[in-house]
Amino acid sequence: MPTPTKILLIDHDECDIDTLEYMLQKDYLISSLDDSEKVVERATCIRPNIVIVNPEMPNLPIKALCDKLKTLRPPSSLLFLSSTNTIELCMEAYENGADDFILKPFNPIEIHEKIRVLTRNIAIKQKLEMASETARVAMENSFELGTIITFMESMGACTDYDELSLSFFNAIEDFGLSGSLQIRGSFGSLNFRCANDSLDATILSDYQGEKKTIEQPQKMIIHHNNISVILRDLPSPESMKYGRLKDHLCIMVNSTVSRVTSLALQMELEEKREFGVEETLKMTSTIKEKFQQSYALYQSNADSRVSDFGQQMEAVFFSLSLDYQQEELLLDSMRSLLLEMSDSTALKTMLNKNIDELLHAVTLLLGDQ
Numbered sequence: 002m003p004t005p006t007k008i009l010l011i012d013h014d015e016c017d018i019d020t021l022e023y024m025l026q027k028d029y030l031i032s033s034l035d036d037s038e039k040v041v042e043r044a045t046c047i048r049p050n051i052v053i054v055n056p057e058m059p060n061l062p063i064k065a066l067c068d069k070l071k072t073l074r075p076p077s078s079l080l081f082l083s084s085t086n087t088i089e090l091c092m093e094a095y096e097n098g099a100d101d102f103i104l105k106p107f108n109p110i111e112i113h114e115k116i117r118v119l120t121r122n123i124a125i126k127q128k129l130e131m132a133s134e135t136a137r138v139a140m141e142n143s144f145e146l147g148t149i150i151t152f153m154e155s156m157g158a159c160t161d162y163d164e165l166s167l168s169f170f171n172a173i174e175d176f177g178l179s180g181s182l183q184i185r186g187s188f189g190s191l192n193f194r195c196a197n198d199s200l201d202a203t204i205l206s207d208y209q210g211e212k213k214t215i216e217q218p219q220k221m222i223i224h225h226n227n228i229s230v231i232l233r234d235l236p237s238p239e240s241m242k243y244g245r246l247k248d249h250l251c252i253m254v255n256s257t258v259s260r261v262t263s264l265a266l267q268m269e270l271e272e273k274r275e276f277g278v279e280e281t282l283k284m285t286s287t288i289k290e291k292f293q294q295s296y297a298l299y300q301s302n303a304d305s306r307v308s309d310f311g312q313q314m315e316a317v318f319f320s321l322s323l324d325y326q327q328e329e330l331l332l333d334s335m336r337s338l339l340l341e342m343s344d345s346t347a348l349k350t351m352l353n354k355n356i357d358e359l360l361h362a363v364t365l366l367l368g369d370q
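Mind the numbering: the sequence shown is residues 2 to 370 in our numbering, read in order.
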């Protein structure tokens with residue numbers, strides 16, 4: 002059932018007020034006032050849809066009344082009812098915001114028709130305002146959802162906590178908000194948009210191990226598992242936007258918590274991988290160093306043994322009483338053989354090359370971290 006139209010009658014003529022009340026009370030919600038000193042206060046309290054006022058009422062603050070009625074939401078329609086029909090009075094009435102002007106003595110049919118037109122205009126304005134508000138809310142909601150989608154996309158591409166905090170603040174700034182953020186983990190606490198010794202940092206650090214939301218005028222504090230947030234410049238809790246923003250912020254905070262957790266795991270894996278590569282590099286370098294030491298020792302021992310063997314063979318050849326040419330031929334053959342046996346340069350080169358290639362590959366892998 003539609004709300005009945007509220008009409009306020011303001012006139013010092015009791016006879017006219019009684020007549021109008023009798024005419025209109027069946028179809029409208031009627032209030033009347035004959036005290037000029039209280040008209041502004043009473044009109045503000047009643048918030049009528051239509052005001053029928055006699056501008057000739059003694060001591061009536063007509064301009065203050067008209068100004069006040071136009072500031073009401075929705076504004077009141079003004080119908081001036083006067084026994085004086087001068088150009089000056091009509092001009093003053095319309096300058097003060099009158100929607101229509103009726104001359105006394107009034108015709109009941111004319112009064113009804115004027116009110117019917119004003120009521121229809123009020124209904125049209127209300128529908129237009131509702132449509133405009135619906136469109137505005139839809140546009141705001143679409144923009145806000147777009148902000149959430151953009152935040153989710155940028156958050157997924159973050160590789161560290163600095164980038165994550167930047168994505169978070171970009172999103173809340175698109176909502177017209179400001180604030181500060183704390184991210185917690187095995188590394189301790191990281192504060193963003195506030196100094197470590199500030200009041201905000203103290204509030205953010207007041208996490209007691211359970212999720213909690215604290216709502217204050219134009220401000221909200223959210224504590225979660227690994228993050229805490231202070232949000233400022235929020236709209237009034239009575240507004241529709243407040244409820245929408247609260248839902249959006251809940252999505253953002255939960256998503257940020259999940260991303261902080263996944264980033265922590267990702268960074269932990271990267272650290273382990275980097276540590277493993279560094280250990281492999283150290284081990285390979287140690288192997289090369291030990292190989293070079295072992296090779297030098299081996300080469301020294303081999304040279305010593307080959308020299309001893311050569312001397313023993315020369316003594317044997319001398320004991321055989323061979324002629325000079327036979328002896329020199331056998332000695333040359335033996336020395337050539339021993340030289341080939343003791344020369345492991347090719348083996349050393351091959352092993353060094355393989356180890357150097359391994360070191361290079363591990364170094365490149367470490368550089369990709």
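We put the CB at the ideal spot given by N, CA and C, even for glycine.
To the nearest angstrom, how far is it from the Cα of residue i to the Cα of residue j?
i: isoleucine 223; j: leucine 73; result: 37 Å
i: glycine 157; j: tyrosine 208; result: 26 Å
i: aspartate 35; j: proline 109; result: 21 Å
i: aspartate 68; j: asparagine 97; result: 7 Å
i: asparagine 86; j: glutamate 130; result: 35 Å
i: arginine 260; j: leucine 119; result: 58 Å
i: serine 187; j: phenylalanine 193; result: 17 Å
i: threonine 151; j: asparagine 255; result: 16 Å
i: glutamate 271; j: glycine 177; result: 37 Å
i: serine 206; j: methionine 268; result: 23 Å
i: leucine 264; j: threonine 45; result: 58 Å
i: aspartate 28; j: histidine 113; result: 10 Å
i: cysteine 159; j: alanine 136; result: 35 Å
i: lysine 283; j: glutamate 290; result: 11 Å
i: alanine 65; j: valine 40; result: 10 Å
i: glutamine 26; j: leucine 90; result: 29 Å
i: isoleucine 116; j: serine 33; result: 16 Å
i: serine 155; j: glutamate 211; result: 28 Å
i: threonine 287; j: aspartate 161; result: 34 Å
i: methionine 153; j: arginine 121; result: 48 Å
i: asparagine 197; j: alanine 132; result: 48 Å
i: lysine 247; j: cysteine 195; result: 22 Å
i: aspartate 175; j: cysteine 251; result: 16 Å
i: asparagine 171; j: isoleucine 47; result: 45 Å
Of the choices the options, whose alpha-carbon is the least far from that of residue i?
i: serine 78; options: Lys126, Thr214 and Ile149; result: Lys126
i: methionine 92; options: Lys27, Ser206, Pro56 and Ala265; result: Pro56
i: isoleucine 51; options: Asp35, Ile123 and Leu104; result: Ile123
i: arginine 84; options: Met58, Asp68 and Cys67; result: Per the sequence shown, the amino acid found at residue 84 is serine instead of arginine. Residue Met58 is the option with its Cα nearest to serine 84.
i: valine 169; options: Met253, Pro49 and Glu114; result: Checking the sequence shown, residue 169 turns out to be phenylalanine, not valine. Of the listed residues, the one whose Cα sits closest to phenylalanine 169 is Met253.
i: isoleucine 173; options: Glu239, Phe102, His249 and Ile103; result: His249
i: serine 240; options: Ser286, Asn226 and Glu134; result: Glu134
i: isoleucine 63; options: Ser263, Gln267, Pro238 and Glu42; result: Glu42
i: proline 49; options: Glu38, Ile8 and Asp12; result: Ile8
i: arginine 245; options: Leu191, Ser143 and Pro75; result: Ser143
i: serine 237; options: Gln217, Ser37, Asp100 and Met140; result: Gln217
i: isoleucine 400; options: Cys46, Leu10 and Ala132; result: This structure cannot speak to residue 400, because the chain is shown only from 2 to 370.
i: asparagine 226; options: Asn197, Thr262 and Ala99; result: Thr262
i: threonine 203; options: Asp14, Ser155 and Ser190; result: Ser190
i: valine 230; options: Ile184, Ser155 and Arg121; result: Ile184
i: alanine 99; options: Leu80, Glu111, Arg121 and Ser286; result: Leu80
Check the C-beta distance from residue i over to residue j and give it rounded, since I have them as a contact under 8 Å.
i: serine 179; j: arginine 233; result: 5 Å
i: leucine 182; j: isoleucine 228; result: 7 Å
i: lysine 220; j: leucine 235; result: 6 Å
i: leucine 82; j: proline 76; result: Not really, about 19 Å apart at Cβ, beyond 8 Å.
i: alanine 94; j: phenylalanine 102; result: 5 Å
i: glutamate 141; j: lysine 242; result: 7 Å
i: leucine 21; j: serine 37; result: So it is not a contact: roughly 17 Å between Cβ atoms.
Buried or exposed: where does residue i fall if 16 or more other Cβ atoms within 10 Å of its Cβ makes it buried?
i: proline 5; result: exposed
i: cysteine 16; result: exposed
i: valine 54; result: buried
i: leucine 200; result: exposed
i: threonine 257; result: buried
i: tyrosine 23; result: exposed
i: aspartate 19; result: exposed
i: leucine 146; result: exposed
i: isoleucine 88; result: exposed
i: valine 138; result: exposed
i: isoleucine 149; result: buried
i: aspartate 12; result: buried
i: lysine 128; result: exposed
Based on the DSSP secondary-structure assignment, which residues constitute the bridge partners of residue i?
i: threonine 214; result: Ile223
i: glycine 186; result: Gly189
i: valine 52; result: Leu9 and Leu79
i: serine 229; result: Gln183 and His224
i: serine 32; result: Leu9
i: phenylalanine 102; result: Phe81
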